[in-house]
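Here's the structure we're looking at; comments come further down.
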Amino acid sequence: MWREWPGPAVHRTIVVVDVEGFGDDRRTSAHQVAVRAGLYRVLRQAFEHAGVSWDACDHEDRGDGVFVLAPAETPKAPFVDEVPLALVKALREHNTTHADAARIRLRMALHAGEVTYDAYGVTATAVNLAFRLLDAAPLKSALAESPGVLAMITSGWFFDEVVRHSPAGDAATYRPVRVTVKETSTMAWITLPDHPYPPSTPHRFDELPVPRQLPLAIRDFTSRTEHLDALDALLTNDNANQAVVITAIDGTAGVGKTTLAVHWAHRVQHQFPDGTLYVNLRGYGPGQPATPAEVLDSFLRTLGCPPQQIPIGLEAQSALYRSLLAERQVLIVLDNANAAQTVRPLLPGSPGCLVLITSRASLTGLVVSEAAARLALDLFSSAEALDLVRGIVGDDQVAAEPHAVMELIRICARLPLALRIAASRLRHSIADVVAELGAGLDALSTPGDEPTSVCAVFNWSYQRLNPSQARLFRRLGLHPGPEISLYAAAAVADLDLPETRLLLEALTDAHLLEPIARNRYRLHDLLRAYATDRAEHHDPSQDRDRGRRTLLEWYAHHSAAAYRAFFPADTDDQLLLIVNTHADPPITFSDIADAWTWLETEQENLLAAAHHAANHQLPEPAILICHTSSMVRKWRGEWNAALDLGELGLAVARRSGNRYCECRALVNVAEVQHEVRQWADAVATGQEALELAQALGEPYIEALALNDLGRCCIARGRYAEAIDYLRPALPLSSGAQRGRFEGVIEGNLGSAHIGQGHYEQALYHLERSLNIRRQAGDWAGEPYALGQIARARQAMGAHPEAIALCEQALSMAPDHAYPPSTAGTLDTLGRSLQHVGDMERAMTCWHKALEIFDRFGDPRAEEVRARLGGELGVVAGEPVFGAHVDADHAFGGAGRVLDVGVGAFGAEVAVGEGPALVDGDGVVDGGDRAFG
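Basically the working numbering = 1-based index in the sequence shown + 68.
Shown next as structure tokens:
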């Protein structure tokens, strides 16, 4: 009975429980009545034991579960400190006094939030989230794997705000998981109160990597003594006890904010034993500013989070980030921010961390709401400016020309960047430099926040360049990415490599360009703005447009060329031929490794180029770069970035009216949605692609869409439905990707038939897949197909043959093979080695597989980890009786292992429609991608 309607939203602790296997056929009506009576009895008993009044709570019956709202005044800590263990005790008492079919194992979800009462009950997004946590596949698997009676999941918020601060709750026994149910995708935390995860789990915070990401500090740093003292004061014990120490260094462009922050961070980072994180947020730099999601994705990887465990959505990413930093001491430098909202998701939530932010803006919002300390960085004092000049030109030169030195300082407005550029140009006398600076050179009209005389310094340096050097400098202002290579500079300037190299060296000598690696350079953002301004004032718009198009087509051309070298089967792909690309100077990729190195090195530039092309109405290079770069991100397991690129390519294709590219982009997006297990979205996007391909009369794309839809069905255990999609795709795929794609579909048909237990039929398709891949020269697909055949042979009991096939596949796998595929073969090899009694080699294979699965966030990691820990106690594919749980928690009777969730009474042991041998992610095989 809901007692509080109507009225405004109120805060409640939300508890939802569900009985595992309540509707199992072996439960009679009498058994179900006994289970429901026992459920309410154990809940009341556990709540009362924890000091939570059951009668004061609102509760609603859900047939096989109960939905509970605790009053706002009820403390939350007992729900993790006392209720779970009290519930375990009560459940065990119930189970020992009841028949097998009336015994209870529970899943429980904890969350809290605002709810609204009405005449029908309650409604709230917080309630929806709690029920979706309860329905999460990882929670069901966790309970199925456990010999205990309770598996509990908490939201990220509940973990951060309650569990972490509860000594009795033992946060170290919780494991982070990604939950994807319907439209919800979030991070949550699972614990098994009566069978806790071991403290040695890879997710333990004290085993995370210790990053040291600071860039190099300049050698001739000088002055700023007061500011260094103010920063040192942040490290006092009193400050260390705050929730988080934040300071924001603000000041005009070129005043030395980054120099100060990096210098001080190098000086104190030894006081942060858990690492130093650094990012340039590009708030005022070239290209697109870094988004919080982009930065969090990078930070989470740096902190050891596998790519596939990085959740979709900024809130979930930020919650996981805070959790990983909990109780750790990390120094975080957020450079070049443009707004408070950019950095808020990047702030940790626990004592011990310190955040240093630099920005041209004052970030007053952080001072007000996050209690950040503001450190305003002004121009150098005259004495500080003199120290800098002395450090560059030497004591003798300063002593010889004191008046000229002071005039130089005046003209440079005491701005460190301008002083460094001017003093470094000294050839004969400081007086000559001053004379040239004061010759009445034009100043920039934009940007507007730096002193006019500083622009004169840039102008002076620019005017000293010869026409070829000046032209290249202006062309560099057209480059959208954070750094530029020798080859890209030659492309945008339409020059040969030797001449470009000489010109870049001249710009470096003039301190208008910074070398950062061999043949790679970077412009200070203030100088980039100046270069762009000079181009707009000096070069006709058609010349700028031509240079921009040439550069973007150069990136598109080499992105496609590297992609072809890495995925040679795609050389005839129409999408790679849509741009009449400009390729001077050309880069030749000698092998797969060479291509991959270029793709990885240029990823940030390619991302910026894609956005730049989209913003300047150049759809062809934008679409091509989005396609190739998203495929690279997928190969690296960077699903957020891959999805962003896929959606950008889709938007550009739609805006340009290119229906073919729109259809390809839909397939691309659907594939990423599949990989992150957004099944509903993946199916909807795949169906849209299929319908558009049919309307366009494009059989190849139709086959791509059908393949993706079939893979989704395989992953969800719907094998017959998968076959219905894959069979019509076969004739449509004939000849595509030099024949390789037909082999992909044959392999996926084989996986579906394994799922049904039709092993002979599976072998027919898998052996066809292997032959087709060999003929197509598919370097990654051939060992993958051998691994698939090995899985089928293993399911048929032919373990020596399976072992030989796995060993052959592993010996053939190249260095750049997709790591999870290699791990899957290692896992299969380990299973068959276990069958023939070679446990030592089996354990070695599983350890190698686990390392890869963990790195990529592959859900098969949990099964392998359990097998290594001896928790399964059974051999996959063999008849089992009660599986790994004892008689108190399982029915007897023969069954076949389908997933890690075998055996426990009521566990959902079958994900598909047949007696399949299923791999650790719930399917025989995740299904082969259309690309790569």
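Glycine residues also receive a C-beta, built at the ideal position from the N, C-alpha and C atoms.
What you are looking at is a predicted structure, and each value in this text was computed from that prediction instead of being measured.
*Pull up the distance between the alpha-carbon of A678 and that of D846, whole angstroms please.*
Between A678 and D846, the C-alpha separation is close to 29 Å.
*asked:* DSSP three-state label for L456, please.
replied: When secondary structure is reduced to three states using DSSP, L456 falls in the helix class.
_Considering only their Cβ atoms, is the gap separating L159 from V85 smaller than 8 Å?_
No, the pair does not count as a contact, with Cβ atoms beyond the cut-off.
_Rounded C-alpha distance that separates G807 from P767_ = For G807 and P767, the distance between alpha carbons rounds to 14 Å.
*Just confirm the distance between the C-beta atoms of L894 and C913, as a whole number of angstroms; I'd bet it's less than 8 Å.*
The beta-carbon separation of L894 and C913, rounded to 5 Å, stays under the 8 Å limit for a contact.
*Residue burial classification, N673 (beta-carbon count within 10 angstroms, cutoff 16)*: Counting Cβ neighbours within 10 Å, N673 comes out buried, since at least 16 surround it.
*Verify the CB distance criterion: does E362 have a CB-CB separation below 8 Å to chain C?*
Of the chains in the structure shown, none is chain C; there is only one protein chain.
*Please classify D186: is it buried, with 16 or more other beta-carbons within 10 angstroms of its beta-carbon, or exposed?*
It counts as exposed.
*asked:* Three Cβ pairs or more, each shorter than 8 Å: is that satisfied between the stretch 497-504 and the stretch 472-481?
replied: Three or more Cβ pairs drawn from the stretch 497-504 and the stretch 472-481 lie within less than 8 Å of each other, which places the two stretches in contact.
*Could you have a look at I286 and say whether DSSP puts it in helix, strand or coil?*
Coil, per DSSP.
*Pick helix, strand or coil for P264, following the three-state DSSP scheme.*
Coil, per DSSP.
*For H179, which residues does DSSP report across the bridge?*
According to DSSP, residue pairing for H179 in a beta bridge involves I82.
*I840: which of A877, S802, S391 and L260 sits nearest, CA to CA?*
Distance check between I840 and each of A877, S802, S391 and L260 places S802 closest, using alpha-carbon atoms only.
_Between the CA atoms of A633 and V136 - distance to the nearest angstrom_ = One C-alpha to the other measures close to 58 Å.
_Using only the alpha-carbon positions, how far apart do Y389 and S223 sit?_
Roughly 14 Å between the two C-alpha positions.
*Can you tell me whether H79 is buried or exposed, with buried defined as 16 or more other CB within 10 angstroms of its CB?*
Burial is judged here by how many other beta carbons sit within 10 angstroms of a residue's own beta carbon; H79 has fewer than 16 and is exposed.
*asked:* Check this for me: beta carbons of Y346 and L282, under 8 Å apart or not?
replied: Going by C-beta atoms, Y346 is nearer than 8 Å to L282.
_F921 - partner residues in DSSP beta bridges_ = Looking at the DSSP output, F921 sits in no beta bridge, so it has no partner there.
_Strictly by DSSP, which residues pair up with I314?_
Paired residues: V423.
*Does the beta-carbon distance from I380 to L368 come in below 8 Å?*
Not a contact, by the Cβ cut-off of 8 Å.
*According to DSSP, is D203 helix, strand or coil?*
D203 falls in the coil class under three-state DSSP.
*Proximity winner among T665, A468, H695 and E452, relative to L675 (alpha-carbon distances)*: Distance from the Cα of L675 is smallest, within the candidate group T665, A468, H695 and E452, for H695.
*asked:* Less than 6 Å between C-beta atoms, sequence neighbours within five positions excluded: which residues of the same chain meet that for L299?
replied: Leaving aside the five residues that flank L299 on each side, the residues in its chain whose CB is nearer than 6 Å to its CB run, in chain order, W332.
*When burial is assigned at 16 or more other CB atoms within 10 Å of the CB, is D883 buried or exposed?*
Around the CB of D883, fewer than 16 other CB atoms lie within 10 Å, so the residue is classed as exposed.
*asked:* One question on the structure: do R590 and E551 come within less than 8 Å of each other, judged by their Cβ atoms?
replied: R590 places its beta carbon less than 8 Å from that of E551.
*Near I813, which residues of its chain fall below 6 Å by C-beta distance, leaving aside the five closest residues on each side in sequence?*
Counting only Cβ-Cβ distances below 6 Å, and skipping sequence neighbours, we find N775, L794, A797, L798 and S801.
*Buried or exposed (CB count within 10 angstroms, at least 16 for buried), G324*: Buried is the label assigned to G324, since at least 16 other Cβ atoms lie within 10 Å of its Cβ.
_Residue closest to E168, alpha-carbon to alpha-carbon, out of Y530, S234, L302 and Q100_ = Correcting the residue type first, residue 168 is Asp in the shown sequence and not Glu. Of the candidates Y530, S234, L302 and Q100, the one whose C-alpha sits nearest the C-alpha of D168 is Q100.
*Determine contact between the stretch 175-185 and the stretch 212-229, defined as no fewer than three beta-carbon pairs at a distance below 8 Å.*
Taking a cut-off of 8 Å for Cβ pairs, the stretch 175-185 and the stretch 212-229 touch, as three or more such pairs fall below it.
*Relative to the alpha-carbon of D906, which residue among A719, H867 and Q876 has its alpha-carbon at the smallest distance?*
Looking at the Cα atoms, H867 is the closest of the given residues.
*Looking only at DSSP bridge pairs, what is V136 linked to?*
Beta-bridge analysis with DSSP links V136 to V83 and H127.
*Given R745, which residues of its chain have a CB within under 6 Å of its CB, disregarding the five upstream and five downstream residues?*
Cβ within range, chain order: T248.
*Given that a residue counts as buried once 16 or more other Cβ atoms are within 10 Å of its Cβ, and exposed if not, what is T576?*
Flag for T576 reads exposed.
*Taking the CB atoms as reference points, tell me whether A145 and A204 lie closer together than 8 Å.*
A204 sits away from A145, with the two beta carbons spaced by 8 Å or more.
_Start and end residues, beta strand (DSSP E) containing V247_ = Where V247 is concerned, the enclosing beta strand (DSSP E) stretches over R243 to V249.
*Taking the alpha-carbon positions, what's the A124 to P927 distance?*
Cα-Cα distance, rounded: 40 Å.
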